Amino acid sequence: MFKNAYIPYGGYYTTPFCKWMGSLANVNAIELGAATSKRWFASRDIDPTLIDYLYLGVSVGQKSIFYGAPWAAAMMGAGQAPGQNITQACATATTAVFNAALAVDAGSFDTTYCLLADRPSNGPHTIWPNPNGPGGEVIAENWNMDNIAADPATGKDMLTTAENVAREHGFSREQADELTLRRYEQYAEALADDRAFQKRYMFPVEVAVSRKETKLVEADEGVTATSAEGLARLRAVQPDGIHTYGAQTHPADANAGIVVTTRERAAELSTDPRLAVQVVAYGHARTKPAHMPMAPATSVKRALERSGLTLDQIKTIKNHSPFIANDLHLAKALGLDANTFNNYGTSLVYGHPQAPTLARLLIEAIEETALKGGGYALVTGCAAGDSAAALIVKVG
1 MFKNAYIPYG GYYTTPFCKW MGSLANVNAI ELGAATSKRW FASRDIDPTL IDYLYLGVSV
61 GQKSIFYGAP WAAAMMGAGQ APGQNITQAC ATATTAVFNA ALAVDAGSFD TTYCLLADRP
121 SNGPHTIWPN PNGPGGEVIA ENWNMDNIAA DPATGKDMLT TAENVAREHG FSREQADELT
181 LRRYEQYAEA LADDRAFQKR YMFPVEVAVS RKETKLVEAD EGVTATSAEG LARLRAVQPD
241 GIHTYGAQTH PADANAGIVV TTRERAAELS TDPRLAVQVV AYGHARTKPA HMPMAPATSV
301 KRALERSGLT LDQIKTIKNH SPFIANDLHL AKALGLDANT FNNYGTSLVY GHPQAPTLAR
361 LLIEAIEETA LKGGGYALVT GCAAGDSAAA LIVKVG
């Protein structure tokens, strides 16, 4: 359990999530993340030279990733800050915040910054020389499609892991469609009153259209309207499966930033000094092969154990749901009503850009908890390799 690792209230942002091959498809995610962070720092009147260390979360390689965090720090005005790259697919953000909290809590750094930036669009294709191959045939990998298609440890694709969990726990197509519709209803609540909830944390992203023209993307792109009738008409992707394309996420592009610092500095940087956001505990897990959606429940239990808290003390829960089976399993394993968590939406609806995904869920959990008057918030999510991570924060 951490004693002195805090996130300033309002010391974070996420851009809108843009469905892949959309508005952010042709911009280097690291460059865009650094430029957006620089604009955000300026909007908050925060001097980026306060940053002692940068944690750069990237799962889909970008040009110049070799220089990664130090390069990003230089671009966003924190050029004196060293840093490191963190890659853990969907759980990159929670792991970055965990590492930042460890360093601050130990006294190694005063103020750190987690920049989460990914672009599945136009993903890289890596080629390795292979002189011993037939005719010198190269070894090639499509970062996105090849890794979605198969975990090299099991040979199974990600959808198969979700269907394995659905079969093992007896989840039905009707349950899947019903809960999927609920997730879209929850997202609609975030759009109410001219997106009042989202405007608490969402920062517009500026992207070049041409050499002379830029545009400002202020809201999520690519969210598909749905209905009970529309979901019922869709076919399951796998024979005898419960997941249609409506009951799973889509790739997206985005970036997000989170400051992790001491209690004193957090109070200085907060938009409301009365609201402290303490990083409390972290839990991780790996479940049995090809059953990825089962891992978050175990990571939650470990985080609760390390925090000394019980589930009934948690006021807000957010779960990354690339497949609706993720939410169905978390509810069953923890004894939750699935309709009561993931308020204001989840990655199932607004998309999944890898590193920024759990950053947005964490930020939304903080804001929802603040609206509820404070308390403990929990964010969790699966990650590639049948793994997961969970993070607990205390708001107020």
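If you're matching positions, the sequence shown starts at 1 in our numbering and goes up one per residue.
Just so you know, even glycine gets a beta-carbon here, dropped at the ideal spot from N, CA and C.
All values derive from a computational prediction rather than experimental measurement.
Those residues which DSSP pairs with residue i across a bridge
{"i": "Pro-251", "result": "His-352"}
{"i": "Gln-278", "result": "Tyr-6 and Lys-394"}
{"i": "Val-259", "result": "Tyr-113"}
{"i": "His-125", "result": "Asn-142"}
{"i": "Cys-18", "result": "Glu-221 and Asp-253"}
{"i": "Phe-323", "result": "Gln-248"}
{"i": "Ala-377", "result": "Thr-316 and Val-393"}
{"i": "Ala-388", "result": "Ala-285 and Cys-382"}
{"i": "Leu-54", "result": "Gly-83 and Tyr-113"}
{"i": "Tyr-187", "result": "The partner list for Tyr-187 (beta bridge, DSSP) is empty, contrary to what the question assumes."}
Contact check, residue i vs residue j, beta carbons under 9 Å
{"i": "Phe-341", "j": "Ala-331", "result": "yes"}
{"i": "Ala-355", "j": "Ala-96", "result": "yes"}
{"i": "Leu-216", "j": "Ala-117", "result": "no"}
{"i": "Ala-5", "j": "Gln-278", "result": "yes"}
{"i": "Gly-257", "j": "Ser-37", "result": "yes"}
{"i": "Lys-19", "j": "His-250", "result": "yes"}
{"i": "Leu-269", "j": "His-320", "result": "no"}
{"i": "Gly-11", "j": "Thr-316", "result": "no"}
{"i": "Val-379", "j": "Lys-318", "result": "yes"}
{"i": "Phe-323", "j": "Leu-361", "result": "no"}
{"i": "Ala-162", "j": "Met-292", "result": "yes"}
{"i": "Ile-366", "j": "Ser-307", "result": "no"}
{"i": "Leu-311", "j": "Gly-335", "result": "yes"}
{"i": "Cys-114", "j": "Leu-24", "result": "no"}
{"i": "Pro-8", "j": "Val-259", "result": "yes"}
{"i": "Ala-192", "j": "Ala-384", "result": "no"}
{"i": "Val-205", "j": "Ala-276", "result": "no"}
{"i": "Asp-110", "j": "Thr-262", "result": "yes"}
{"i": "Glu-178", "j": "Tyr-344", "result": "no"}
{"i": "Ala-236", "j": "Arg-173", "result": "yes"}
Residue i, DSSP secondary structure in three states
{"i": "Trp-71", "result": "helix"}
{"i": "Arg-286", "result": "strand"}
{"i": "Asp-118", "result": "strand"}
{"i": "Met-202", "result": "strand"}
{"i": "Ala-96", "result": "helix"}
{"i": "Ala-208", "result": "strand"}
{"i": "Tyr-344", "result": "coil"}
Element boundaries [beta strand (DSSP E), containing residue i]
{"i": "Asn-85", "result": "83-86"}
{"i": "Asn-142", "result": "139-142"}
{"i": "Lys-318", "result": "314-319"}
{"i": "Lys-215", "result": "214-217"}
Nearest-angstrom beta carbon gap, residue j and residue i [assumed within contact, 8 Å]
{"i": "Ala-290", "j": "Asn-164", "result": "6 Å"}
{"i": "Thr-14", "j": "Ile-363", "result": "6 Å"}
{"i": "Gly-375", "j": "Gly-396", "result": "7 Å"}
{"i": "Glu-221", "j": "Pro-353", "result": "Not a contact, Cβ separation roughly 12 Å."}
{"i": "Thr-112", "j": "Asp-52", "result": "6 Å"}
{"i": "Gly-246", "j": "Leu-231", "result": "5 Å"}
{"i": "Trp-143", "j": "Gly-61", "result": "6 Å"}
{"i": "Thr-94", "j": "Val-58", "result": "Thr-94 to Val-58, Cβ: 15 Å. No contact."}
Limits of the unbroken alpha helix (DSSP H) element including residue i
{"i": "Ser-299", "result": "295-307"}
{"i": "Met-158", "result": "158-169"}
{"i": "Ala-233", "result": "Here the sequence assigns Arg to residue 233, which means Ala is not the residue at that position. First-last of the alpha helix (DSSP H) with Arg-233: 228-233."}
{"i": "Gly-61", "result": "Unbroken run through Gly-61: none, as it is neither H nor E."}
{"i": "Lys-38", "result": "29-43"}
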